[in-house]
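For reference, the structure discussed in these notes is given below.
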Amino acid sequence: MSEKEKMLAGVLYDSTVDELSNERLKAKNLCYEYNLLRPDEFDKKKELLKNLLGKVGKNYIIEPNFFCDYGYNIEISENFYSNHNLVILDCAKVTFGDNVFIGPNCSFYTAQHPIDPIERNKLLEYAKPITIGSNVWIGGSVTILSGVTIGDNCTIGAGSVVVKDIPANSVALGNPCKVIKKI
1 MSEKEKMLAG
11 VLYDSTVDEL
21 SNERLKAKNL
31 CYEYNLLRPD
41 EFDKKKELLK
51 NLLGKVGKNY
61 IIEPNFFCDY
71 GYNIEISENF
81 YSNHNLVILD
91 CAKVTFGDNV
101 FIGPNCSFYT
111 AQHPIDPIER
121 NKLLEYAKPI
131 TIGSNVWIGG
141 SVTILSGVTI
151 GDNCTIGAGS
161 VVVKDIPANS
171 VALGNPCKVI
181 KKI
């Protein structure tokens with residue numbers, strides 16, 4: 001099994017191999033180009049994101065600056081909006097449903113590193129997918145960690161750190177993020 005296949009399977013892999021390093025470099029170059037576009041270059045922005053991301057819907061906006069690791073593991077559906085400074089470390093799939101709105105300075109981290117320092121020092125890591133349902137609003141400065149699913153119709157309060165799944169029809173906030181209200 002190649003290191004890329006291991007990465008996509010969610011098992012320990014070496015992210016420093018040439019294949020993955022080259023894919024990250026390609027994505028980072030596309031992010032760099034995207035972040036330098038003028039605010040009114042709408043068509044160029046859409047085209048660049050189509051080339052970078054694994055899937056895009058018809059209506060989507062990602063305000064610069066935007067950063068990701070690979071791009072091809074990110075899928076956005078209809079009516080997606082992200083405010084400035086979105087970071088998606090997409091070593092595993094990151095999927096967004098319809099009508100997702102993301103505040104500024106939000107981060108989605110699929111990568112994890114071993115707790116054992118001997119394993120960690122070998123530069124090994126693994127990744128688990130993140131899934132965001134439809135009709136979700138994520139407030140500013142939210143961090144969503146590896147393996148989390150946020151159900152449909154949720155609101156995540158600003159500044160939250162989401163470490164566990166959030167069920168559908170919930171308002172959740174805090175560090176760690178917890179459901180405070182059902183809707």
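Per this note's numbering: the sequence shown ends with 183, consecutive numbering throughout. Cβ coordinates follow ideal geometry from the N, Cα and C atoms, glycine included. Bear in mind the structure is a predicted one, so any value in this text is a computation, not a measurement.
*asked:* Going by C-alpha to C-alpha distance, which of Ile132, Leu52, Ala111 sits closest to leucine 123?
replied: Nearest in C-alpha terms to leucine 123, of all of Ile132, Leu52, Ala111, is Ala111.
_Option nearest asparagine 85 by Cα separation, candidates Leu25, Tyr70, Asn35, Ile144_ = Closest by alpha carbon: Asn35.
*Who are the Cβ neighbours of lysine 50 in its own chain at under 8 Å, not counting the five residues just before and after it?*
Hits under 8 Å: Val56.
*asked:* Between which two residues does the alpha helix (DSSP H) holding leucine 52 run?
replied: Segment 42-52, the alpha helix (DSSP H) holding leucine 52.
*Unbroken alpha helix (DSSP H) runs of length 4 or more, entirely within the stretch 74-126: which are they?*
Within the stretch 74-126, the complete alpha helix (DSSP H) runs of at least 4 residues are 117-120.
_Looking at aspartate 116: is its Cβ nearer than 7 Å to the Cβ of glycine 133?_
No. Outside cutoff.
*Alpha carbon to alpha carbon, what distance is there between tryptophan 137 and isoleucine 183?*
Going from the Cα of isoleucine 183 to the Cα of tryptophan 137 covers about 13 Å.
*asked:* Measuring straight from C-alpha to C-alpha, what distance separates lysine 45 and leucine 37?
replied: Distance between the alpha carbons of lysine 45 and leucine 37: 7 Å.
_Measuring straight from C-alpha to C-alpha, what distance separates aspartate 165 and isoleucine 144?_
Straight-line measurement puts the Cα of isoleucine 144 at about 10 Å from the Cα of aspartate 165.
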